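Visitor: If you scroll down you'll find the structure; I have some questions about it.
Residue numbers (this note's numbering), protein chains in the order written: chain C, 5 to 566; chain Z, 5 to 566.
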């Protein structure tokens, strides 16, 4: 439940940039696809990848470059343009545009999805290579909280236009929803609601902090119910041109009728993905950001679920498998990639359930639900302003999570103030400036487009500046927060934890892997060694690659034979 | 030198919003005025106000609402509009506009300054009342780092258009200047430059970290010199319409000839200030922000200069005097208010010179220099892109200083993440949204304008949301960072410090003040008591107002008789 509201949010954010207009059936198919591939990715990651109880879902780090790519003139949406010029109730067919939801219109939005699919597939191959080659664990030497801070912060901030354009459909409803989220998550989050929980041993009454567990979901439901009441009583205008119409709950009801009961998503369902240099390089920033975030999540997940910190081969395999899954999501055409879902790692902390099996079952459920067209269509009843309100708070929280990286660094150091301020400021201002001025003219159109897409992706600008400044301006590991950050990643006492082998070895095939000595040179193999005779399990003799993890390794778990 | 480059920056930022176009003589008069009033305010504050070695200067917290006020349609600049439509070399007189720099043109920009003057004067009266009544020290109970954080952060971020529009005159020059600032302040800041320092006892060689002390000033000078070389060699285009012309150093040379040798600024020099509700309420957010920042500065300044933490009466008197000085700056028409200059407090830390006399002499120098028209005109030689580059880094640092308030709060608390993220996100997005959508229609034009100005002032939106959330969402003082923040304000061991009386009593008049018992009820009097028989000097029996300063008072200095 925690993951689903986040996963289905992405297609709802992207429906306008994809030019899907009012084609609710199309949106419901996209929702089905993204649920399906998220389930698939969760199964693959938890079983063959990093093997931690991690839910893979959609990610807003891919949305930022997607918006930048689709902001190019050739992807301007003719439907949105027509509505803007001639009013919302414009007759599209009289303008020579195919009717909304017709094959002609579907081809228009499919073309945009195919462009994003191609970009995701090719950019993710890069991640596959990084995982397979073990580069990531090497690069971690140079990546600290001061690089991550601008990336995550700017991801959150730069999405505000998505939230505000949805909210503007009916500001009061959006504000009410934000108020509900605030109320649930901050004021009454500790209220214990009596519930009945049933297990094999029978049912018993218990008290759950429901509001604290599902503030977004509950706000969405209650916001929708309020809109339903306002729709039935006709307080909200029923005329499509009037302000507030978008808050009605009956505008998308026919999608429930039209959507197929069973719709099986398959690779290439929107046609063959198209690849362009601008798309690929633009998307790369999303892939890199998601990848860095994921590695942090592996450590957080291991800590919360009582597993030893992931060894290098598990990190590499996680990155590799995430890359493979991103290629899959690209091939299936969810319009998004996949990354580890931080929210669900938080849920492990709240529920104390850190079982890999639970996550695998959850993944299977998503995979199955994604095939039921009418289930996906249900989400379309949520009015846009309600979605906008919850998105705004979500983006604000992403911003704050990014900023919370400041806890690791020394804020009395003027070096750090510089390395914090400059990337955030330029990430914000350069992207705003490029968007509002058609300023980049190098003489080569492709390079112009590429630079425009990259520079209008705030997290790319901020991340690159932050990375360069943090690695060139003199400062100790302590000042830069790298020491504290690594300690926080690994967590405290680990004597009572299971062995690495137990948690991170691959199922069934381990025996055969151990026999093939050549696999020792493969960074994603559980038997991966860095130099002849030195294995990852043997902590005192780790090779060069492990310098990055010195801080971690000094506290690591008892070694095992390999 | 530290203060001057910051003070003169404000008129250079405001010349375009004021519609001063190429009237360099007018700008030089404005620079003279702001130097004069800054000197005056410094003298008043350090002598009769809080009596700490604090430099009063211009402040960007007033620039943000100024830009919002002047963004209203009636203040649109006809010169900028004409240049945008017909090219930069447009003939204004043929369009019915007075020639640039003529009396007619001066009246156009004077009208805008008068509107800002009126707004500053009336809004600052509010600060005078707050200081005089002692409300500020009471309000501090509710103001913590979580309120200050969004205010300062958003002040920095929201000024990026000023920096980027100046930089766009020649991006490469601007980038070079930013690079110089970065180089000086971060990479070679510890380089010791051999200098000769002379005192009464004769001259001797010493080594100063020049680049670390004056990174901005040196970058401005070197950037200007490079532009001068590029101008002389005609690398920069000499045609006014061409890109890069604005980086030339000879465009404003005639101002040196035209500017008067002596130009004495006086109150009402631009005519009688005009007052509008929109202006006053808009400016109020600047006044409040500057005031809160100043109180923090008093503590920082006292700590760094070895004085005991300021008692309530000194804080109240500081706020009161700053309000009075703001009224003066409004009357004189510097186009800005005045506030304590944080940079110079930093300089006390660097130079270990915390003498009140030094600051008073500095103030006197500014006051005198402000009367020399040709001195002020000198600053106009700095090319716009060089200014833009230094501004960008300055704004980025302001952003970072705002964010550094996170060091006091518990960043593992999801409450705090919410209280950090929501104000910053909405402060940014609401102001962007209001600027790009003409969306506020209440039916009353004045209210529409007022709301537009307030909502497009990010620091107002962020500050109000932060203040409300921080004071209503349950959280301990420790979690909210109030405890750590107050401790940091007061600083460590104070046994060796001079007594409060020595530092904060008023000169000459103290004897008479002590005789007038009725002054005990005046919050700005050194004899101020809160309840009958309880004086601020008597630390064990402080009244209700002091609750806010419990943390401070427990560590306070030896009491004195009153």
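In this text, a Cβ means the ideal position worked out from N, Cα and C, and glycines have one as well.
Remember, it's a predicted structure, so these values are computed and weren't measured experimentally.
Fully enclosed by the segment 161 to 240 of chain C, which alpha helix (DSSP H) runs are 4 residues long or longer?
Guide: 164 to 171, 175 to 186, 214 to 217, 219 to 236
Visitor: If you scan the segment 419 to 459 of chain Z from start to end, which runs of the alpha helix (DSSP H) of 4 or more residues do you find wholly inside it?
Guide: 449 to 459
Visitor: Would you report the Cα separation of residue 510(C) and residue 42(C), rounded to the nearest angstrom?
Guide: Working through the first chain from its first residue, we reach residue 510(C) at position 506. Working through the first chain from its first residue, we reach residue 42(C) at position 38. Cα-Cα distance, rounded: 21 Å.
Visitor: According to DSSP, is residue 385(C) part of a helix, a strand, or is it coil?
Guide: Taking the first chain and counting its residues from 1, one reaches residue 385(C) at position 381. Three-state result, residue 385(C): helix.
Visitor: Just checking: is the beta-carbon of residue 465(Z) within a distance shorter than 8 Å of some beta-carbon in chain C?
Guide: Counting from 1 along the second chain, the entry for residue 465(Z) is found at position 461. No, its Cβ sits nowhere closer than 8 Å to a Cβ of chain C.
Visitor: With a cut-off of 8 Å, do at least 3 Cβ pairs link the segment 97 to 115 of chain Z to the segment 374 to 382 of chain Z?
Guide: no
Visitor: Out of curiosity, what's the CA-to-CA distance linking residue 572(Z) and residue 353(Z)?
Guide: What is shown of chain Z runs 5 to 566, which leaves residue 572(Z) out entirely.
Visitor: Measure how close the beta-carbons of residue 370(Z) and residue 150(Z) come, nearest whole angstrom, since I'm counting them as under 8 Å.
Guide: Walking along the second chain from the start, residue 370(Z) turns up at place 366. Walking along the second chain from the start, residue 150(Z) turns up at place 146. So it is not a contact: roughly 35 Å between Cβ atoms.
Visitor: Could you please give me the residues that DSSP links to residue 291(Z) through a beta bridge?
Guide: Your numbering for residue 291(Z) matches position 287 in the second chain. Paired residue(s): none; residue 291(Z) is not in a bridge.
Visitor: Closer than 8 Å, CB to CB, is residue 87(Z) near chain C or not?
Guide: Residue 87(Z) sits at position 83 when you count from the first residue of the second chain. Closer than 8 Å: no.
Visitor: Taking residue 161(Z) as the query, report the chain C residues whose CB atoms sit under 7 Å from its CB, ordered along the chain.
Guide: Translated into the one-based positions of the second chain, residue 161(Z) becomes position 157. In chain order: 429, 432.
Visitor: Candidates 55(C), 267(C), 9(C): which alpha carbon is nearest residue 316(C)'s?
Guide: What you label residue 316(C) is simply residue 312 of the first chain in a count that begins at 1. Closest by alpha carbon: 55(C).
Visitor: Are the beta-carbon atoms belonging to residue 252(Z) and residue 387(Z) less than 8 Å from one another?
Guide: As a first step, residue 252(Z) is located in the second chain; it is residue number 248 there, counting from the start. As a first step, residue 387(Z) is located in the second chain; it is residue number 383 there, counting from the start. Result yes, Cβ atoms of residue 252(Z) and residue 387(Z) sit closer than 8 Å.
Visitor: Please list, in chain order, the residues of the segment 335 to 346 of chain C that have any C-beta partner in chain Z closer than 8 Å.
Guide: none
Visitor: Between the beta-carbon of residue 458(C) and the beta-carbon of residue 289(C), is there less than 8 Å?
Guide: To locate residue 458(C), count along the first chain from 1; it is residue 454. To locate residue 289(C), count along the first chain from 1; it is residue 285. It is a contact, given that the beta carbons lie within the stated cut-off.
Visitor: Taking only three categories from DSSP, how would you classify residue 278(Z)?
Guide: The residue labelled residue 278(Z) in the question sits at position 274 within the second chain. In the structure shown, residue 278(Z) sits in coil (DSSP, three-state: anything other than H, G, I, E or B).
Visitor: What residues match up with residue 60(C) in a beta bridge as DSSP calls it?
Guide: In the first chain, counting from the first residue as 1, residue 60(C) sits at position 56. 344(C), per the DSSP bridge assignment.
Visitor: Specify the secondary structure class of residue 533(C) as computed by DSSP and reduced to three states.
Guide: Stepping through the first chain from its first residue, residue 533(C) is reached at position 529. Strand, per DSSP.
Visitor: Whose Cβ in chain A lies nearer than 8 Å to the Cβ of residue 79(C)?
Guide: In the structure shown, chain A does not exist; the protein chains are C and Z.
Visitor: One question on the structure: do residue 429(Z) and residue 400(C) come within less than 8 Å of each other, judged by their Cβ atoms?
Guide: Indexing the second chain from 1 puts residue 429(Z) at position 425. Indexing the first chain from 1 puts residue 400(C) at position 396. The answer is yes: Cβ separation under 8 Å.
Visitor: Of the residues 532(C), 415(C), 526(C), 218(C), which one's Cα is nearest the Cα of residue 482(C)?
Guide: For the purposes of this step, residue 482(C) is taken as residue 478 along the first chain, with counting starting at 1. For residue 482(C), the nearest C-alpha among the options comes from 415(C).
Visitor: From the beta carbon of residue 422(Z), is the nearest beta carbon of chain C less than 8 Å away?
Guide: Looking up residue 422(Z) in the second chain gives position 418. Closer than 8 Å to some Cβ of chain C, the Cβ of residue 422(Z) qualifies, so yes.
Visitor: Give the secondary structure of residue 285(C) by DSSP, where H, G and I count as helix, E and B as strand, and everything else as coil.
Guide: Residue 285(C) sits at position 281 when you count from the first residue of the first chain. In the structure shown, residue 285(C) adopts helical secondary structure according to DSSP, grouped into three states.
Visitor: Quick check: the segment 289 to 300 of chain C against the segment 456 to 475 of chain C, are there 3 or more CB pairs under 8 Å?
Guide: Judged by pairs of C-beta atoms under 8 Å, the segment 289 to 300 of chain C touches the segment 456 to 475 of chain C, as three or more such pairs exist.
Visitor: Using the beta-carbon count (16 or more within 10 Å), is residue 128(Z) buried or exposed?
Guide: Residue 128(Z) sits at position 124 when you count from the first residue of the second chain. Flag for residue 128(Z) reads buried.
Visitor: Checking the sheet assignment: what are the DSSP bridge partners for residue 376(Z)?
Guide: The residue given as residue 376(Z) occupies position 372 in the second chain. According to DSSP, which records beta bridges pairwise, residue 376(Z) is partnered with 266(Z).
Visitor: Please say whether residue 503(C) and residue 75(C) have beta carbons closer to each other than 8 Å?
Guide: As a position in the first chain, residue 75(C) is number 71, starting the count at 1. As a position in the first chain, residue 503(C) is number 499, starting the count at 1. No, Cβ-Cβ distance for residue 75(C) and residue 503(C) is not below 8 Å.
Visitor: At the 8 Å Cβ level, is residue 60(Z) part of the contact set with chain C, yes or no?
Guide: In the second chain, counting from the first residue as 1, residue 60(Z) sits at position 56. Among the CB atoms of chain C, none fall inside 8 Å of the CB of residue 60(Z).
Visitor: With H, G and I counted as helix, E and B as strand and the rest as coil, what does DSSP make of residue 90(C)?
Guide: For the purposes of this step, residue 90(C) is identified with residue 86 of the first chain, where counting begins at 1. Three-state result, residue 90(C): helix.
Visitor: Should residue 426(Z) be flagged as near chain C, meaning a C-beta pair shorter than 8 Å?
Guide: On the second chain, residue 426(Z) is found 422 positions in, with the first residue counted as 1. So yes, residue 426(Z) belongs to the interface.
Visitor: Under 8 Å, Cβ to Cβ, is there at least one residue of chain Z near residue 261(C)?
Guide: Within the first chain, residue 261(C) is the residue found at index 257, counting from 1. No, residue 261(C) lies away from the interface with chain Z (no Cβ there is under 8 Å from its Cβ).
Visitor: What residues in the segment 384 to 414 of chain C have a beta carbon less than 8 Å from any beta carbon of chain Z?
Guide: Taking 8 Å as the Cβ-Cβ cut-off against chain Z, the residues of the segment 384 to 414 of chain C that qualify are 396, 397, 399, 400, 401, 402, 403, 404, 405, 407, 408, 410, 411.
Visitor: At least one CB of chain C closer than 8 Å to the CB of residue 174(Z): is that the case?
Guide: As a position in the second chain, residue 174(Z) is number 170, starting the count at 1. Taking Cβ atoms only, chain C never reaches closer than 8 Å to residue 174(Z), which makes this a no.
Visitor: Tell me, please, whether the CB atom of residue 1(C) is closer than 8 Å to any CB atom in chain Z?
Guide: Given that chain C is displayed from residue 5 to residue 566, the structure contains no residue 1(C) and the question cannot be resolved.
Visitor: What residues of chain Z sit near residue 477(C), judged by a beta carbon separation below 7 Å?
Guide: Start at 1 with the first residue of the first chain, and residue 477(C) comes out as number 473. Per Cβ cutoff of 7 Å: 190, 191.
Visitor: Taking C-beta pairs closer than 7 Å, name the residues in chain C that residue 437(Z) reaches, listed in chain order.
Guide: As a working mapping, residue 437(Z) is identified with position 433 in the second chain. Within chain C, the residues near residue 437(Z) are 168.
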